[in-house]
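Chemist: Protein chains in written order, with UniProt numbering: chain A, 1 to 225; chain B, 1 to 225.
We put the beta carbon where it would ideally sit given N, CA and C, even for glycine.
Keep in mind the model is a prediction, meaning the values are calculated, not measured.
The structure is given below, and queries will be raised subsequently.
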DNA sequence: CACCCTTGCGTTCATTCTGTTCACCGGCGT
DNA sequence: ACGCCGGTGAACAGAATGAACGCAAGGGTG
């Protein structure tokens, strides 16, 4: 059993994270803390293997808490859960040894993937014996950070999706692009481009709006948000 | 350019590490320190992105040095290079955010792989923009901890791998080759060619991209980088 | 306002390649 | 001799694409 401490100021969200964690086999929630102070106090009395850490705490930034833990020689593993899409925070987190960095909001599948990745890392390292060889260490590292199959719906391919996004990014003006235009620029058909654009629209990464003007049915144009 | 500080007490070995590093494109050695004290002093005056850290230092354990750096709020990335096959040390290192843990002695290929993995992580994160999305963070994490091609995975043969590489090298134009084409040119089946091409893709020696066109499912073409 | 004309949308379905499984084959150690 | 293990390819299920097609949604015209 991997013992988990949830650190999150918002009580409702904290409950949700705890419930999510409890649903995953091999994990148990030991306690929930709403402030950095509480978290520190809890860690002194309760054995914990993994901390689910929100960065936005009332009394201290989550990264400060992580740094304080390391200074105190506490090596408990940390998984950052935050809504801060901040590049500098990601880099700091990595340098402080967080196992993963998860952006809110997330689906249960994504959350589960990260926790299971950590569980794999743990079991591989424990199974490696006292004097692990290079390839065993490598495997453990790979398990920890290994690919997350952010399962796309059937019929969609990650590489093609990347291409569509690349085309949308290189688009300059405020005007969007129609499905036919995107298809032409990426070397695929309108049908294919449309499939991916509709997916992006449903997941909120792109907006659709009609483009009137000439004769005939209006075109639909897609624009990044 | 990624600026590197080599920390290693044995002068000969330190020189070797510095020379290895200098041979890798995109890296430059800023300085060499033989003690933890020297390393700390150097870091105060010289800008450094990555520290190659030996754990066995005369005045302090390498992990202590790492912890001291974190306490001081210094987020410089660290790659541990040591002969200590110690499970506890590996776990501590991970919790302190080291990017890799490399056992001595190692071949240049292994060393190079770890540094290139770090370079990939860095460029992906920098290329992601100021507000990275979850999948971009995931890719960066995966790049950081991804591959270890020193020992070939089971099911792969060095001779066959050489053949695949030879075929890819003789390919002239900017267009890549599909798995079926590579298989035909090397006198093997598509399945076998694909196995090796996928391995090369995972280790970053080859890139995959979809090739659209006629009706039917798109081909994936492989191209050397 | 009713009608037609134009043009792109949205969907279906044949097509082609992918990714995986599993039986085979040859070599090596017991 | 025998079994085992590492590497290969035939066969298969299904995944991703684009051609074709009927319909939807505007503008133009009387």
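#1: Along chain A, which residues have their Cβ under 8 Å away from the Cβ of residue 54(B)?
#2: Against residue 187(A), what residues of chain B qualify as contacts under a CB-to-CB distance less than 7 Å, listed in chain order?
#3: Taking only beta-carbon atoms, is residue 94(B) less than 8 Å away from chain A?
#4: With the cut-off set at 8 Å, would you say residue 79(A) and residue 43(A) are in Cβ contact?
#5: Between residue 209(B) and chain A, is the shortest Cβ-Cβ distance under 8 Å, so that the two count as touching?
#6: Checking 8 Å against the spacing of the C-beta atoms, do residue 206(B) and residue 182(B) come in under that value?
#7: Which residue comes first and which comes last in the beta strand (DSSP E) that contains residue 210(B)?
#8: Do we get a CB-CB distance below 8 Å when we pair residue 170(A) with the residues of chain B?
#9: Closer than 8 Å by beta-carbon distance: list the chain A residues that pair up with residue 62(B), in chain order.
#10: Find the nearest neighbour of residue 235(A) within the set 191(A), 218(A), 224(A) and 214(A), judged by alpha-carbon distance.
#11: Kindly list the residues whose CB is nearer than 6 Å to the CB of residue 150(A), restricted to its own chain and excluding five residues on each side of it in sequence; keep chain order.
#12: Chain A beta carbons: is any one of them nearer than 8 Å to that of residue 176(B)?
#13: Apart from the five residues on each side of it in sequence, which residues of its chain come closer than 6 Å, Cβ to Cβ, to residue 185(A)?
#14: Please state whether DSSP places residue 33(A) in a helix, a strand or coil.
#15: For residue 108(B), count neighbouring C-beta atoms within 10 Å of its own C-beta (all shown protein chains included) and say buried if the count is 16 or more, exposed if not.
#16: Using the C-alpha atoms, what's the distance from residue 55(A) back to residue 213(A)?
#17: Kindly indicate which three-state DSSP category residue 221(B) falls into: helix, strand or coil?
#18: Just grab the DSSP bridge partners of residue 28(B) for me.
#19: Counting along the chain, where does the alpha helix (DSSP H) carrying residue 162(B) start and finish?
#20: Suppose you measure from the CA of residue 230(B) to the CA of residue 115(B); what does that come to, to the nearest Å?
#21: Looking at residue 12(B): is its Cβ nearer than 8 Å to the Cβ of residue 63(B)?
#22: Determine, for residue 157(A), whether the minimum Cβ-Cβ distance to residues of chain B falls below 8 Å.
#23: Assuming residue 57(A) and residue 35(A) are in contact, meaning their beta carbons sit under 8 Å apart, how far apart are those beta carbons, in whole angstroms?
#24: With a Cβ-Cβ cutoff of 8 Å, do residue 70(B) and residue 91(A) count as a contact?
#25: Give the DSSP-derived three-state secondary structure of residue 182(B) in the structure shown.
#26: Would you mind telling me which residues of chain B sit closer than 9 Å to residue 216(A), beta carbon to beta carbon, in chain order?
#27: Tell me which residue opens and which closes the beta strand (DSSP E) that residue 12(B) is part of.
#28: Considering just the uninterrupted stretch of the beta strand (DSSP E) at residue 103(A), what are its terminal residues?
#29: Go ahead and pull the three-state DSSP assignment for residue 228(A).
#30: Is there a Cβ from chain A that is less than 8 Å from the Cβ of residue 71(B)?
#31: Between residue 3(B) and chain A, is the shortest Cβ-Cβ distance under 8 Å, so that the two count as touching?
#32: By the 10 Å Cβ neighbour count, where 16 or more other Cβ atoms means buried, how is residue 110(A) classified, buried or exposed?
#33: Please classify residue 43(B): does DSSP put it in a helix, a strand, or coil?
#34: List the residues that DSSP assigns as beta-bridge partners of residue 51(A).
#35: Inspect the beta-carbon positions of residue 117(B) and residue 100(B) and report whether they are closer than 8 Å.
#36: With a cut-off of 8 Å, does the C-beta of residue 183(B) fall near any C-beta of chain A?
Modeler: To lay it out plainly:
#1: Here the premise fails: no neighbours, minimum Cβ distance about 16 Å.
#2: Here the neighbours are 212.
#3: Yes, residue 94(B) counts as interfacial toward chain A.
#4: Against a cut-off of 8 Å, the Cβ pair of residue 43(A) and residue 79(A) comes out as no contact.
#5: Between residue 209(B) and chain A, the shortest Cβ-Cβ separation is below 8 Å.
#6: Not a contact, by the Cβ cut-off of 8 Å.
#7: First-last of the beta strand (DSSP E) with residue 210(B): 206-211.
#8: No, residue 170(A) lies away from the interface with chain B (no Cβ there is under 8 Å from its Cβ).
#9: Chain A residues near residue 62(B): none, gap ~15 Å exceeds 8 Å.
#10: Outside the displayed range of chain A (1 to 225) lies residue 235(A), so it cannot be described from this structure.
#11: Because residue 150(A) carries a pLDDT of 48, less than 50, the predicted location of this residue cannot be relied on, and no value is offered for it.
#12: No, because no Cβ of chain A sits closer than 8 Å to the Cβ of residue 176(B).
#13: Within the same chain, residue 185(A) has close Cβ partners 167.
#14: Residue 33(A) falls in the strand class under three-state DSSP.
#15: Counting the other CB atoms within 10 Å of its CB gives residue 108(B) a total below 16, which places it among the exposed residues.
#16: Looking at the backbone, the Cα of residue 213(A) and that of residue 55(A) are separated by about 48 Å.
#17: Residue state, collapsed to three classes: strand.
#18: In DSSP, residue 28(B) forms a bridge with 3(B).
#19: Counting along the chain, the alpha helix (DSSP H) containing residue 162(B) begins and ends at 158-170.
#20: Outside the displayed span of chain B (1 to 225) sits residue 230(B), for which this structure offers no information.
#21: No, these two residues do not count as a Cβ contact at 8 Å.
#22: Interface residue, yes.
#23: Right, their Cβ atoms sit about 6 Å apart.
#24: No, these two residues do not count as a Cβ contact at 8 Å.
#25: Residue state, collapsed to three classes: helix.
#26: Listed along chain B, no residue sits closer than 9 Å to residue 216(A) by beta-carbon distance, the nearest being about 27 Å off.
#27: It is not in any beta strand (DSSP E) - residue 12(B) instead sits in the alpha helix (DSSP H) that spans 11-22.
#28: Per DSSP, residue 103(A) belongs to the beta strand (DSSP E) from 100-103.
#29: Because chain A is modelled from 1 through 225, residue 228(A) falls outside the range shown and cannot be assessed.
#30: Output row for residue 71(B): interface = yes.
#31: Output row for residue 3(B): interface = no.
#32: That one is buried.
#33: In the structure shown, the three-state DSSP call for residue 43(B) is helix.
#34: Answer is 5(A) and 78(A), bridged to residue 51(A).
#35: Yes, these two residues count as a Cβ contact at 8 Å.
#36: No, because no Cβ of chain A sits closer than 8 Å to the Cβ of residue 183(B).
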